[in-house]
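Structure first, commentary second.
Protein chains: 2
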Amino acid sequence: MTERDVKCVVSCETKCPCMEYCPLGSALKIIGGKWKLSILCALHQDGTTRYNTLKRKIAGITNTMLVSSLKELEEDGLIVRRQYMEMPVRVEYTLTEACDDLMPILMQLAQWGVKVHTKES
Amino acid sequence: MTERDVKCVVSCETKCPCMEYCPLGSALKIIGGKWKLSILCALHQDGTTRYNTLKRKIAGITNTMLVSSLKELEEDGLIVRRQYMEMPVRVEYTLTEACDDLMPILMQLAQWGVKVHTKES
DNA sequence: CCGTATCCGTTGCGATACTG
DNA sequence: CAGTATCGCAACGGATACGG
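Protein chains in written order, with UniProt numbering: chain A, 1 to 121; chain B, 1 to 121.
Now the structure itself:
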């Protein structure tokens, strides 16, 4: 058995996710980074939200980071961007269905986080 | 309502996790980083494992990263380190009970990762 | 066998200023 | 209003060599 034949019970049935394509790893990358959770969180709470509203709500975020995070989330299919041709321009962001499945999992993970946190302290 | 009064339905009921202590965020930090999943994955598959075995199994990892990752995982209560005073020294690592709760959640997340990945391509 | 120590490149993120 | 552009730093991770 070579190193690449390692099986991983966590996320794959055939190969270790850590060595080839890993759905778990890529899932974590998608929601990783400093601001992704904050954005998903805000959109999940308020529903469709405008750019500037989002920016005011997420304390401390810069334009650079907000834009790049939104862009990545859109590319990964977690949010949709809708632009209305008004004057001035209005842009709104909304969670997609992919997030309907994601949120319950994140809640479980959050509960696990609480549990681990209280045990170690 | 100030920025800090934001409520987050994802992980807290009182305050937004992204602005104060966030169990979800810290959970992601614990399993984040380049090698954490690989280590958890290997230990979950094989059970108690020695340092060098782990190193051979996780292709590409350096001593520096393996040691620091193991140390962090131990500090966070996800693994235990046991050292046997033999000659030469034997050190073994094992998952803790905290991982029993974590693994099923990671599997769900992995399945979500598969779903998202297939949809966007 | 099981790590440390040191150095160094890359990436992530922040700050600030500016634009269609 | 909703972004871009540019610069700079600090953290993360890799490479190599050495130590108990």
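The beta-carbon is built from N, C-alpha and C at its ideal position, and this holds for glycine as well.
Remember, predicted model here, so these are calculated numbers, not experimental data.
- Taking a Cβ-Cβ cut-off of 8 Å, Gly-47 (chain B) has no neighbours in chain A, whose nearest Cβ is about 11 Å from it.
- Straight-line measurement puts the Cα of Glu-92 (chain A) at about 12 Å from the Cα of Asp-46 (chain A).
- A direct Cα-Cα distance of roughly 22 Å separates Val-114 (chain A) from Cys-99 (chain A).
- Taken through DSSP and simplified to helix, strand or coil, Leu-95 (chain B) comes out as strand.
- For Ile-58 (chain B), no beta strand (DSSP E) run applies, since DSSP gives it neither H nor E.
- For Val-91 (chain B), the closest Cβ of chain A is not nearer than 7 Å.
- Proximity of Pro-88 (chain A) to chain B, defined by a Cβ-Cβ separation below 7 Å, is not satisfied.
- In the three-state DSSP reduction, Thr-48 (chain A) falls in the coil class, being neither helix nor strand.
- For the pair of segments examined, the region 33 to 42 of chain A was found to touch the region 21 to 36 of chain B: the number of CB pairs separated by less than 8 Å reaches three.
- Judged by DSSP secondary structure, Ser-26 (chain B) falls within the alpha helix (DSSP H) whose first and last residues are 23 to 31.
- When DSSP states are grouped into helix, strand and coil, Val-80 (chain B) belongs to the strand group.
- Scanning A:Tyr-51, A:Ala-42, A:Leu-43 and A:Gly-32 for the CA closest to the CA of Val-89 (chain A) turns up A:Tyr-51.
- For Gly-77 (chain A), the CB contacts under 8 Å within the same chain, skipping 5 residues up- and downstream, are Thr-96 and Ala-98 in chain order.
- Within 9 Å of the CB of Lys-115 (chain B), the CB atoms of chain A belong to Pro-23, Ala-98 and Asp-101, in sequence order along the chain.
- The criterion of a C-beta distance shorter than 7 Å is satisfied by Ile-105 (chain A) and Gln-108 (chain B).
- Within the region 71 to 84 of chain B, those residues whose Cβ lies closer than 9 Å to any Cβ of chain A are, in chain order, Glu-75, Asp-76, Gly-77 and Leu-78.
- When Cβ-Cβ separations below 7 Å define contact, Ile-61 (chain A) makes no contact with chain B.
- At a cut-off of 7 Å between C-beta atoms, Leu-66 (chain A) does not count as an interface residue with respect to chain B.
- Between Lys-55 (chain B) and Leu-66 (chain B), the gap from beta carbon to beta carbon is short of 7 Å.
- Between the alpha carbons of Gly-60 (chain A) and Met-87 (chain B) lies a distance of about 54 Å.
- For Ser-69 (chain B), no CB of chain A lies under 7 Å from its own CB, so it is not counted at the interface with that chain.
- Beta-carbon to beta-carbon, Leu-43 (chain A) and Ile-79 (chain A) are separated by about 7 Å, close enough to satisfy the 8 Å threshold.
- Under a criterion of Cβ atoms nearer than 8 Å, no residue of chain B is adjacent to Lys-55 (chain A); the nearest Cβ is some 11 Å distant.
- With distances taken between CA atoms, Thr-94 (chain B) lies nearest to B:Leu-70 out of B:Val-116, B:Leu-70 and B:His-117.
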